[in-house]
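Since the structure comes first, as structure tokens, the remarks are kept for the end.
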Amino acid sequence: MNPVKNMRREDMGLQWLAIGLFCCFVILAGGLWYVQIVSFKKYEKYREVQSYRTVRIPAPRGLIYDRDAQLLADNEPNLNIVVYLDQLREDFTRTYHDLKGDKDLPYLEGLELEKDARYLTVSNMVYEASVIIGKPSALVRSEFESHYYRHRYMAMPVLTGLSREQMARFMEQGSRLKGFDLEVRSKRRYPNGSLAAHLLGYMRPRQRTSNEEAATLQMSFDYELPDFMGKYGLEGQYEDELSGEPGAKSILVNNMIYRQEEEEWLPLLPGKHLYLTLDTDIQKAAEDALRYLNPNQQRRGAIVVMDCNNGDVLALASAPTFDPNIFTGFLPASVFKPMIDPKGSLPLFNRATYGRYHPGSIFKIMIGLAGLESRIIDPEVEFFGQGYFPMRGRRIDDTAGAGYFNFERAFYKSSNAYFIHYGLKLGPETIVDYGNQIFLGKETGLLPAQETGGYFPSKQTVRKGWHPGDTANLSIGQGKIDVTPLQMAVMTSAVANGGTVFWPRIVAGWESMMPNGASVFEPEPEGRIRGRLRASPQSIEILQKAMLADVENRNGSGSICRIPGYLIGGKTGTAETSFKNSNGRRIKHTWF
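First residue of the sequence shown: 822, per my numbering; consecutive thereafter.
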């Protein structure tokens, strides 16, 4: 074999190997060039995108209306100017280089200068915006930096609570401010100010979603848009119904936590509208009456007006009162602390449902009914009162004075001696039985979070360690008995309607808005019966006539309440307390 030919064959193999290696190198170099040069921007964008942020969006809160669809609570637009920091990245860099100049800075100093550059950029623009709208304002650095480091993918409110005039100025001249925009949020409004404040309640800023709520929604939120929640009254009691269900959106952020894009994926569900049994005109009259008692002082008092035929609450007033609108914004401690000072007038305290008071002589309504029904009291038999009642060496005063009293006269003159005499004959167990018929000592269920059941003795209590003096006091609404004005309204309504004890009702119904724009009204049950007085129509009729005489008879203790053209029945009452006024005199509670 020719050795030269063999060498050529071996060279050809090496040549093909070299060609193959060269082709591989060309392909590899081309791939690197494509990745580094051609696809750089695309890969850079993908490199920046890091994660999503989930944001909670509050739902529009349901409105509150009275029985005639008059508005009691609504939502008004809260106008704010916000800035999107992601749109100012180039401005931050420009300000940084202007501040830095040609200097070479150590790493940490450079970071501090970046902070200064960001703050100065936004601060100057906020100042310019404040000049445009005529509302002097300065950007608080700590608030800015907190927002920047934690939530810079969200718009930052910088000027809040704009008037419509200020909004118009900004819309006309604010377009030159890069990254700035107008944002409309919702704010709770009570158009009638303090009207029915204790009943409606108030709002406070909503705290972050609890673990329990997050578990229910099966999600957690990285950011929650500002929202309020009911903390008192009906706003608090029906928070879930009024607040609706929040929505959610996801914001795509890059590795610098700047916003890239966003998508709303969970639609919100607006809150239900609440309709009350309240009558605005009657409520206004009740509150005006409480103010008229002493316009120069914060006189304490309460008024409850019920429809005796079904238990609907037409008015529920407590004095002094407050304006719930002050709670929808920033509330200084200097304003809030006096409102909860135990030594003050406690305007937040609902005396109609939470105040515990001795009923005094108005409890003679139940003593009279018990005596008539048990035949211990004969309405025609006269009792001689001495002007006091002797009780184990002491005398219980009787403002009715001395004289002969049948049932009606004893009632409208409010004779303590008469009712103590027959109360002792009835005995404590019978009195307790009749008190239980109107559910004394138990809540009415109208406002569970701000209601007390008061105190009323049980049969076990009066069987042990109970004295005749306790029965004497109980017979005239003193001693071991505390009631609320609402409970006494329930009692009086039961006598007025012939013996039916209703659950008081304040919610007439709910209106829900459907996705197609239609509305559905869901009424609450009307006239729910809780119990009945165990008394004959004859006994109740005698008691009703005595209540009419208390007002219509010119000698009645309630004759001052007589109104020409109206037939009014009632009962006055006065109860002593252990408290004293500045003059050293005991404070008394008065009732009608």
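C-beta: ideal position from N, C-alpha, C; glycine also.
Quick one: any contact between the region 1275-1294 and the region 1162-1173, if contact means 3 or more CB pairs under 8 Å? no
Length of the line joining the Cα atoms of T916 and E935: Position 95 of the sequence shown, counted from the first residue, corresponds to residue 916. Position 114 of the sequence shown, counted from the first residue, corresponds to residue 935. For T916 and E935, the distance between alpha carbons rounds to 9 Å.
N899 - DSSP class collapsed to helix/strand/coil: Numbered from 1 along the sequence shown, position 78 holds the residue referred to as residue 899. Residue state, collapsed to three classes: strand.
CA-CA distance, R1112 and R1120? For the purposes of this step, residue 1112 is taken as residue 291 along the sequence shown, with counting starting at 1. For the purposes of this step, residue 1120 is taken as residue 299 along the sequence shown, with counting starting at 1. Distance between the alpha carbons of R1112 and R1120 is about 8 Å.
I need the DSSP call for R1349, collapsed to helix, strand or coil. For the purposes of this step, residue 1349 is identified with residue 528 of the sequence shown, where counting begins at 1. Coil.
Measuring CB to CB, does S1182 end up less than 9 Å from S1235? Locating residue 1182 in the sequence shown gives position 361, where the first residue counts as 1. Locating residue 1235 in the sequence shown gives position 414, where the first residue counts as 1. In this structure, S1235 lies closer than 9 Å to S1182 by Cβ.
Just tell me which of P1180, Y1053, I1188, Q1308 has its CA closest to the CA of F1148. Residue mapping note: residue 1148 aligns to position 327 of the sequence shown, counting from 1. Ranking the options by Cα distance to F1148, first place goes to Y1053.
Rounded to whole angstroms, what's the CA-CA distance from R1351 to V1322? Just pull it up for me. The residue labelled residue 1351 in the question sits at position 530 within the sequence shown. The residue labelled residue 1322 in the question sits at position 501 within the sequence shown. R1351 and V1322: Cα-Cα distance of roughly 6 Å.
State the DSSP-derived secondary structure class of Y928, mapped to helix, strand or coil. Against the sequence shown, residue 928 aligns to sequence position 107. Y928 falls in the helix class under three-state DSSP.
May I ask which residues mark the beginning and end of the alpha helix (DSSP H) holding Y1096? Position 275 of the sequence shown, counted from the start, is the residue given in the question as residue 1096. That residue, Y1096, is in no alpha helix (DSSP H); its beta strand (DSSP E) goes 1094-1097.
Can F769 and F1210 be called in contact, C-beta distance under 9 Å? Residue numbering for the chain in the displayed model covers 822 to 1413; residue 769 lies beyond these limits and cannot be assessed.
Determine the extent of the beta strand (DSSP E) in which A1138 is found, giving its start and end residues. Numbered from 1 along the sequence shown, position 317 holds the residue referred to as residue 1138. Taken as a continuous stretch (DSSP letters only), the beta strand (DSSP E) holding A1138 covers 1134-1140.
Can a CB atom of chain C be found closer than 9 Å to the CB of H1094? Here there is only one protein chain, and chain C is not present.
Is the CB-CB distance between V1304 and R1407 below 9 Å? What you label residue 1304 is simply residue 483 of the sequence shown in a count that begins at 1. What you label residue 1407 is simply residue 586 of the sequence shown in a count that begins at 1. The answer is no: Cβ separation not under 9 Å.
So V1316 packs on Q1365, CB below 8 Å; how close in whole Å? Within the sequence shown, residue 1316 is the residue found at index 495, counting from 1. Within the sequence shown, residue 1365 is the residue found at index 544, counting from 1. With 8 Å as the limit, V1316 and Q1365 qualify as a contact, their Cβ atoms being about 7 Å apart.
Mapping DSSP to helix, strand and coil, what is S1340? Translated into positions along the sequence shown, residue 1340 becomes position 519. Here S1340 sits in strand by DSSP.
Status (buried if at least 16 other CB within 10 Å, exposed otherwise) for T1398: To locate residue 1398, count along the sequence shown from 1; it is residue 577. Exposed: under 16 other Cβ atoms inside 10 Å.
Simplified DSSP state of Q891, which is helix, strand or coil: The residue you call residue 891 lines up with position 70 of the sequence shown. Of the three classes helix, strand and coil, the one that applies to Q891 here is coil, per DSSP.
For G1208, which of helix, strand or coil comes out of DSSP? Counted from its first residue, the sequence shown places residue 1208 at position 387. If DSSP states are grouped into helix, strand and coil, G1208 belongs with the strands.
Helix or strand or just coil, what does DSSP make of G1244? Start at 1 with the first residue of the sequence shown, and residue 1244 comes out as number 423. Three-state result, G1244: helix.
CB P1088 to CB G1068, shorter than 9 Å? Here residue 1088 refers to the residue found at position 267 when the sequence shown is read from its first residue. Here residue 1068 refers to the residue found at position 247 when the sequence shown is read from its first residue. Cβ distance < 9 Å, so P1088 and G1068 count as in contact.
Tell me the rounded alpha-carbon separation between V870 and E1083. Counting from 1 along the sequence shown, the entry for residue 870 is found at position 49. Counting from 1 along the sequence shown, the entry for residue 1083 is found at position 262. Legend: pLDDT at V870 = 48, less than 50; position of this residue unreliable, no value from coordinates given.
Pairwise C-alpha distance: M1368 and Q1229: Numbered from its first residue, the sequence shown carries residue 1229 at position 408. Numbered from its first residue, the sequence shown carries residue 1368 at position 547. The residue you asked about is not Gln; residue 1229 is Glu in the sequence shown. So the alpha carbons of these two residues sit roughly 8 Å apart.
If you draw a straight line from the C-alpha of Y864 to the C-alpha of L1073, how long is it? Translated into positions along the sequence shown, residue 864 becomes position 43. Translated into positions along the sequence shown, residue 1073 becomes position 252. Only weak support exists for where Y864 lies, its pLDDT of 48 falling under 50; the coordinates are left without a value.
Going by DSSP in three states, M1312 sits in which element: helix, strand or coil? By 1-based counting over the sequence shown, the position of residue 1312 is 491. DSSP places M1312 in helix when its eight states are reduced to three.
Please specify which runs of the beta strand (DSSP E), each continuous and at least 3 residues long, are wholly inside the region 1125-1189, giving them in chain order. 1134-1140
Through-space distance from P1026 to L1063, alpha-carbon basis: Working through the sequence shown from its first residue, we reach residue 1063 at position 242. Working through the sequence shown from its first residue, we reach residue 1026 at position 205. Each residue's alpha carbon lies about 15 Å from the other.
Note down, in chain order, each residue of its chain lying with its Cβ closer than 6 Å to the Cβ of P1358, except the 5 sequence neighbours on either side. Taking the sequence shown and counting its residues from 1, one reaches residue 1358 at position 537. The answer is none, since no qualifying residue turns up.
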